[in-house]
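**Student:** With my numbering, letter number 112 in the sequence shown gets 524, and the count goes up by one each step, no holes. In this text, a Cβ means the ideal position worked out from N, Cα and C, and glycines have one as well.
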Amino acid sequence: MNRDSFSKIDAPAFELLIDIAIEEENPDEVARWYKKLKMREKKGEYRYFTRREKIARTVQEKYPEIAIEIWKTIAEELISRTKVDAYESASIYLRMVRNAMEAGGQKAGWESYLSEIREKNRLKRKLLEILDMLGKDRIIDI
């Protein structure tokens, strides 16, 4: 199969190719197929919730920007559900975003993003309480 024939692959085949690349622990191929799949995605909620998590975990070391984008999307989708348990789940992804951004020297970017989340959701008191905890969950800074 030559490279040109890949342009005719439909989205379900991309999912399979992503799954294979994840199993092979090949972040380059995961990133490649994820980008192709993403280009074909229509606007709206992404269907492959559990697969996104696996994609992010596979590429987080080599392609942190992809992992950060995925984690932000998941967190924002959870926040939009306006349920306390969804906010708590979102905080898990926001922690991953924070850790990856700070590790990449993007602490100011993280703080700006967190401010955006707070501003967009300023009426969600429980969410704001959970966001306050994001800065307090480290007992000791190393």
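1. Compute the distance between the beta-carbons of P439 and K484, then report whether it is under 8 Å.
2. Looking at the unbroken alpha helix (DSSP H) that takes in K484, where does it start and where does it end?
3. Please state the DSSP three-state secondary structure of E436.
4. In the structure shown, what three-state DSSP assignment does L535 receive?
5. Would I467 and I482 qualify as a contact pair, given that the criterion is a beta-carbon distance under 8 Å?
6. Can you give me the start and stop residues for the alpha helix (DSSP H) that E500 sits inside?
7. DSSP state of E376, grouped into three classes?
8. Give the secondary structure of I554 by DSSP, where H, G and I count as helix, E and B as strand, and everything else as coil.
9. Are the beta-carbon atoms of L546 and R507 separated by less than 8 Å?
10. Run the CB neighbour count on R537, radius 10 Å, all protein chains shown included, and call it buried at 16 or more, exposed below.
11. Taking the C-alpha atoms as reference points, what is the distance between N533 and L543?
12. Alpha carbon to alpha carbon, what distance is there between V471 and A443?
**Tutor:** In short, the structure shows the following:
1. no
2. P476 to S492
3. coil
4. coil
5. yes
6. V496 to A515
7. It is not possible to answer for residue 376, since the shown part of the chain is limited to 413 through 554.
8. Interpretation of I554 is limited by its pLDDT of 45, a score under 50 that renders its predicted location unreliable; the figure taken from the coordinates is listed afterwards. Coil at I554, not helix or strand.
9. yes
10. exposed
11. 11 Å
12. 7 Å
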